[in-house]
Amino acid sequence: AQSVAQPEDQVNVAEGNPLTVKCTYSVSGNPYLFWYVQYPNRGLQFLLKYITGDNLVKGSYGFEAEFNKSQTSFHLKKPSALVSDSALYFCAVRDISSSNTGKLIFGQGTTLQVKP
Amino acid sequence: KAGVTQTPRYLIKTRGQQVTLSCSPISGHRSVSWYQQTPGQGLQFLFEYFSETQRNKGNFPGRFSGRQFSNSRSEMNVSTLELGDSALYLCASSLEGHYEQYFGPGTRLTVT
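Chains as they are written, first to last, in our numbering: chain A, 1 to 116; chain B, 1 to 112.
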């Protein structure tokens, strides 16, 4: 069965410093991976995806993610954190156990706290 | 383009009642998925609709149901509400052939 793990409940970083939010996955075939961000009382905003191709994926708001097949990881990164990046971040994998489905399997989420 | 819209945004119901939530996808998106978000269980998939057909269903009791209309708008219904149904219900739409889903702001359901 497909699964996603976000090992850190919370990540704290100072403004201007680089940030990393970790994600590992388990799938039986090629992974389709996503990162979403959620601000309080809001829905999820799509940040980026990895389907195939370059291992470094660039997304919205200066975020990028590095796909590592051997480590089954898809860590979210940003070179310089902003206070406004403080939010809840979700990693997700598309369920490919049955064809033609859009079902996403989410990690438990990581709260990112960026301090001034 | 307008984003995914969900109505109502907030809802308070009593145990035993039923509730209907509505979702309008992004124009041109024919796939609509529903998710339940709770602090304890996180984000869990409810069901997915495409062209008025349920394409996939999560592991929820039969009290949870949904449908999709010819204009791709979708509704989900929860009957005989329980306290544990209190959650944020998120709707997401996607373009066929594209893998990312775009989420609405959610409906916050509180069952008392």
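Ideal Cβ placement from N, Cα and C applies to all residues, glycine included.
Whole-angstrom distance between residue j and residue i, CA atom to CA atom
i, j, result
"Ser79 (chain B)", "Asn41 (chain A)", "25 Å"
"Pro61 (chain B)", "Phe45 (chain B)", "12 Å"
"Cys23 (chain A)", "Glu82 (chain B)", "33 Å"
"Lys78 (chain A)", "Gly16 (chain A)", "10 Å"
"Leu95 (chain B)", "Gly59 (chain A)", "18 Å"
"Phe34 (chain A)", "Leu109 (chain B)", "27 Å"
"Leu44 (chain A)", "Glu100 (chain B)", "12 Å"
"Arg63 (chain B)", "Lys115 (chain A)", "44 Å"
"Gly84 (chain B)", "Arg9 (chain B)", "19 Å"
"Val83 (chain A)", "Ala87 (chain B)", "28 Å"
"Gly53 (chain A)", "Ala87 (chain A)", "28 Å"
"Glu52 (chain B)", "Arg67 (chain B)", "7 Å"
"Ala14 (chain A)", "Tyr61 (chain A)", "17 Å"
"Val57 (chain A)", "Leu76 (chain A)", "9 Å"
"Val27 (chain A)", "Thr101 (chain A)", "15 Å"
Three-state class that DSSP yields for residue i in the structure shown
i, result
"Leu83 (chain B)", "helix"
"Val32 (chain B)", "strand"
"Gly40 (chain B)", "coil"
"Gly62 (chain A)", "helix"
"Ser84 (chain A)", "helix"
"Glu100 (chain B)", "coil"
"Asn55 (chain A)", "coil"
"Ile26 (chain B)", "coil"
"Val27 (chain A)", "coil"
"Glu75 (chain B)", "strand"
"Gln45 (chain A)", "strand"
Cβ-Cβ separation, residue j to residue i (assumed contact under 8 Å), whole Å
i, j, result
"Ala5 (chain A)", "Gly109 (chain A)", "About 11 Å separates the two Cβ atoms, so there is no contact after all."
"Lys103 (chain A)", "Asn56 (chain B)", "5 Å"
"Phe74 (chain A)", "Tyr36 (chain A)", "Phe74 (chain A) to Tyr36 (chain A), Cβ: 12 Å. No contact."
"Gln41 (chain B)", "Phe47 (chain B)", "About 16 Å separates the two Cβ atoms, so there is no contact after all."
"Leu19 (chain A)", "Leu112 (chain A)", "7 Å"
"Phe90 (chain A)", "Leu43 (chain B)", "7 Å"
Residue i Cβ short of 8 Å to the ligand ADP heavy atom set
i, result
"Thr110 (chain A)", "Among the ligands in the structure shown, none appear at all, so the ligand ADP cannot be discussed."
Inset, instruction - Please list the residues of the stretch 76-104 of chain A that have a C-beta atom closer than 9 Å to any C-beta atom in chain B, keeping them in chain order. - result: Phe90, Ala92, Arg94, Asp95, Ser98, Asn100, Thr101, Gly102, Lys103 and Leu104
Inset, instruction - Indicate whether the contact test is met: 3 or more Cβ pairs, each with one atom in the stretch 3-14 of chain B and one in the stretch 50-69 of chain A, closer than 8 Å. - result: no
Inset, instruction - Evaluate contact between the stretch 75-95 of chain B and the stretch 28-39 of chain B, counting only Cβ atoms and requiring at least three cross-stretch pairs below 8 Å. - result: yes
Legend entry - Stretch-stretch touch, CB-based, cutoff 8 Å, three pairs: the stretch 65-76 of chain B with the stretch 87-96 of chain A: no
Legend entry - Residues of the stretch 27-50 of chain A whose Cβ lies closer than 7 Å to any Cβ of chain B, in chain order: Tyr32, Phe34, Arg42, Gly43, Leu44, Phe46 and Lys49
Inset, instruction - May I ask you to list, following chain order, the residues of the stretch 30-51 of chain B that have a beta carbon less than 7 Å from some beta carbon of chain A? - result: Ser31, Ser33, Gly42, Leu43, Phe45 and Glu48
Legend entry - Interfacial residues, the stretch 73-103 of chain B to chain A, with Cβ spacing under 7 Å: Leu90, Ser94, Tyr99, Glu100, Gln101, Tyr102 and Phe103
Legend entry - Against chain A: residues of the stretch 52-67 of chain B by CB proximity under 7 Å: Arg55 and Asn56
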